[in-house]
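First up is the structure itself, then whatever we jot down about it.
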Amino acid sequence: MEAAGNGASLNWQSVAQAADYIVYRDNNEIGQYVKLFI
1 MEAAGNGASL NWQSVAQAAD YIVYRDNNEI GQYVKLFI
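For the sequence shown, the working numbering gives the first residue as 1, with consecutive numbering after it.
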């Protein structure tokens, strides 16, 4: 569970070898998360 701002939270599972994720709410894209490998 991760904080998403405005009191919201996200509950999600990662996908093996995925580098970035697009976040949808009500079938509308609301954000993008990019995983950085350092």
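Virtual Cβ for every residue (Gly too), placed ideally from N, Cα, C.
By the DSSP assignment, the beta strand (DSSP E) with residue i in it spans what residues?
i	result
S14	That residue, S14, is in no beta strand (DSSP E); it is neither H nor E in DSSP.
Look up residue i in the DSSP assignment and give the residues it is bridged to.
i	result
I22	Q32
Let me make sure I understand the geometry here. Which of the options has the alpha-carbon closest to that of residue i?
i	options	result
K35	L10, Q13, N11, Y21	Y21
A8	Y33, R25, E29	R25
Looking at the C-beta of residue i, does it have a partner C-beta in chain C at a distance below 9 angstroms?
i	result
G31	Of the protein chains in the structure, only one exists, and it is not chain C.
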